[in-house]
Amino acid sequence: MISPRRLVVILAHELRLARRDPLPIMVLIVFPVINMAFLKPAFRPALVQGGHQHANGAEQVVPGQAAMTAFFLVSLVTFAFFAEHGWETWDRLRASQATSAEIVIGKALPRLAIGVAQFVVILSVGVFLFDLHIRGAVLAFAPLVTAFCLCLILLGVAVTAVCRTAQQANSFSILGMVLFGAIGGALVPLNVLPGWARTIAPVTPTYWVMRGFRSVILDGQGIGGVATPTAVLLAMTAVFTVVALLRLRLDETKVGWA
Amino acid sequence: MLEVEGLHKAYGATVALDGVDLVVPPGTVLGLLGPNGAGKTTLVSIAVGLRRPDAGTVKIDGIDAVRHRRRTGRLIGFAPQETGIYPPLTVRDNLRFFAGLAGLRGRDLRDRIDDVAGALGLSALLDRRGSELSGGERRRVHTAIALLHRPKLVLLDEPTTGADVRTRGEILQLVRGLADDGSAVVYSTHYLHEVEELDAHVAFIDHGRIVARGAVDDLIQEYGSSGLELTFDRHVPSAARVDGAIVDGTRVRIPTSDPAGTAAQLLPRFDLDTAGLRGIEVVRPSLESVYLSVTGRRYAQTVEPAA
């Protein structure tokens, strides 16, 4: 049973910790904005080649960089758990009144909010600074972005569950960002990728979030355009949840940092 | 307050607890003594719900602590062996977090933080970050967290490891105060002299079993003996291996009520030039000698108290 009062205590605590060390969250904003400035002109030809004559490159680079950088959420989640081991606070937290569910949800929810906020900021920066034209319904981004961030958060919990050390978890996160970002069509448009990459792209969450973004930004669709991508992202979330439930043992000894 | 019965726990082939029975009534301090690896931390971990026993029961205030961990959790104040606080947060925020989890709110929460901080000399440090504290200060914050919600049962696992003299003194004083106020305290340590200072009840744990228990004075009276301890350079010569002697490496302890007389009898038997006798020590009856009597081994004090 989850106590809302204890959950609020944990949420406030996690936000307090995040406030004390805002650099990782700033990276979520600064990193994609810098990349957007450099990469925007490079993507216009690929989008034009893909049949979007009026595209200026922002249609790819803004959601693409936001989606790639969002993979830092996986790191943020794993760090939230491994840091407790590094600080030797894990046993104390488990021995407190907080239940396992409250601890996991209390750590996941603030990161979900951070992820959604990151997309809001990056898309806004895209519109105001990089001339991003959104042809479809902006509100359609809400379920798509929420599902994608939720998927990454649960991937983070699953990675925490299967890794024994913080270094392992960090490697997973970086590998996921680069690999999923590249294959999923966030780093470069999908149509410039080799055939084999386009074939396996649908196994990545990035592919589906980018497909949803393209539907709204380039094809002018609304909720209908993001329904399938959102559903697939939620299905992937369910898979990561099952992995987390099967493998996450809170009494397992983990190595925070050597 | 705490009743442990027939507790068993094994990690693979290693038996950590082998049928432990304990009772800690309200208003008492139980010094849980034993060398590293004796099973103290496993026992405490099971009592607070961090581990599940293979067999046996743990009751706290009459409630099964294994089945109803959340209910008994409210009654427990626990300070694990490792000093665990959040370095990026201030002392106040560290205390606030755990007080909040324990159900304290508003004025009660603020008052308890001030009270506990005052009792452990932390009042001036409340707005300092955990990362800026000394080892002793961290240890005091760590201990303070366990006491915020006025627990009926306090379990302190090696609370003075790495602590400075001042911190150790404050913690011992606090433990006495807790018992005076009616709490039951389990004080797990491998420092015998701390339990003697606390004048606590004692349970010696060795290889997962309680091998002796009782009040310090009673145990010393029953098991403690004076003796003579001889240390040699290489090996203990046969002349020193008298009846009842306990040999431990290059040392031999001979239980005797008359150490001086025994020394006078024994020493002429050695060829002092070749025996390599390095030291002679008269041992008074103490918890150390109790341990020796009940286990046949010297108390392996592997970690020396900090100066």
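For the protein sequence lines, the chains are A and B, in the order given. Here the numbering used here runs 18 ahead of the position in the first sequence, where the first position is 1. Here the numbering used here runs 10 ahead of the position in the second sequence, where the first position is 1. A virtual CB, placed ideally from N, CA and C, is assigned to each residue, including glycine.
Legend entry - Pick from B:31, B:275, B:138 and B:205 that is closest to residue 238 of chain B, judged by C-alpha positions: B:275
Legend entry - Whether residue 101 of chain B touches residue 53 of chain B by CB criterion (8 Å): no
Legend entry - Neighbour-count burial assignment, residue 21 of chain B, 16 or more Cβ in a 10 Å radius: exposed
Inset, instruction - Taking 8 Å as the cut-off, decide whether the C-beta atoms of residue 97 of chain B and residue 140 of chain B are in contact. - result: yes
Inset, instruction - For residue 230 of chain A, I'd like the list of residues in its chain whose CB is within less than 6 Å of its CB, leaving aside the five on either flank, ordered along the chain. - result: 162, 244 and 247
Inset, instruction - Give the range of the alpha helix (DSSP H) segment to which residue 116 of chain B is assigned. - result: 116-129
Inset, instruction - State buried or exposed for residue 174 of chain A, treating a residue as buried only when at least 16 other CB atoms are found within 10 Å of its CB. - result: buried
Legend entry - Limits of the alpha helix (DSSP H) - the one that residue 223 of chain A falls within: 223-235
Legend entry - Secondary structure, alpha helix (DSSP H): runs of 4+ residues fully inside the segment 74-159 of chain A: 76-87, 90-104, 108-112 and 118-147
Legend entry - Any beta strand (DSSP E) of 3 or more consecutive residues that is wholly inside the segment 57-108 of chain B: 65-70 and 86-89
Legend entry - Endpoints, beta strand (DSSP E) assigned at residue 242 of chain B: 237-242
Inset, instruction - Specify the secondary structure class of residue 50 of chain B as computed by DSSP and reduced to three states. - result: helix
Inset, instruction - Give a yes or no on contact between the segment 122-130 of chain B and the segment 66-80 of chain B, applying the rule of three or more CB pairs nearer than 8 Å. - result: no
Legend entry - Proximity test, Cβ basis, 8 Å: residue 97 of chain B and chain A: yes
Legend entry - Start and end residues, beta strand (DSSP E) containing residue 289 of chain B: 287-293
Inset, instruction - Could you name each continuous alpha helix (DSSP H) segment of 4 residues or more that falls completely within the segment 196-221 of chain A, going from the start of the chain to the end? - result: 213-218
Inset, instruction - Name, going along the chain, the residues of the segment 254-269 of chain B whose beta-carbon falls closer than 7 Å to a beta-carbon of chain A. - result: none
Legend entry - Span separating the alpha-carbon of residue 58 of chain B from that of residue 79 of chain B: 8 Å
Inset, instruction - Identify the contact partners of residue 105 of chain A in chain B, using a Cβ-Cβ distance below 8 Å as the criterion. - result: 94, 95, 96 and 97
Inset, instruction - Could you tell me whether the segment 255-270 of chain A touches the segment 169-188 of chain A, using the rule of 3 or more Cβ pairs below 8 Å? - result: yes
Inset, instruction - Rounded to whole angstroms, what's the CA-CA distance from residue 153 of chain B to residue 166 of chain B? Just pull it up for me. - result: 8 Å
Inset, instruction - Apply the 10 Å Cβ neighbour rule to residue 129 of chain A and answer buried if 16 or more other Cβ atoms are within range, or exposed otherwise. - result: buried
Legend entry - Where residue 177 of chain B sits in the DSSP three-state scheme: helix
Inset, instruction - Give, in chain order, every residue of the segment 123-139 of chain A whose Cβ lies closer than 8 Å to some Cβ of chain B. - result: none
Legend entry - Local Cβ density within 10 Å of residue 158 of chain A, reported as buried at 16 or more and exposed below that: buried
Inset, instruction - Inspect the CB distances between the segment 136-153 of chain A and the segment 72-90 of chain A and report whether three or more fall short of 8 Å. - result: yes
Inset, instruction - Using beta-carbon positions only, say whether residue 111 of chain B and residue 27 of chain A come within less than 8 Å of one another. - result: yes
Legend entry - Cβ shell of residue 222 of chain A (< 7 Å), same chain only, five flanking positions each side left out: 198, 201 and 202
Legend entry - Inter-stretch contact at 8 Å, needing at least 3 Cβ pairs: the segment 37-57 of chain B / the segment 227-235 of chain B: no
Inset, instruction - Verify the CB distance criterion: does residue 26 of chain B have a CB-CB separation below 8 Å to chain A? - result: no
Inset, instruction - Say whether chain A places a C-beta atom closer than 8 Å to the C-beta of residue 76 of chain B. - result: no
Inset, instruction - Using a Cβ cut-off of 8 Å (strictly closer), state whether residue 27 of chain A contacts chain B. - result: yes
Legend entry - Per-residue DSSP class, three states only, for residue 23 of chain B: coil
Legend entry - Integer-rounded CB distance, given that residue 188 of chain A should sit under 8 Å from residue 93 of chain A: 6 Å
Inset, instruction - Provide the residue(s) that pair with residue 224 of chain B in DSSP beta bridges, ordered along the chain. - result: B:212
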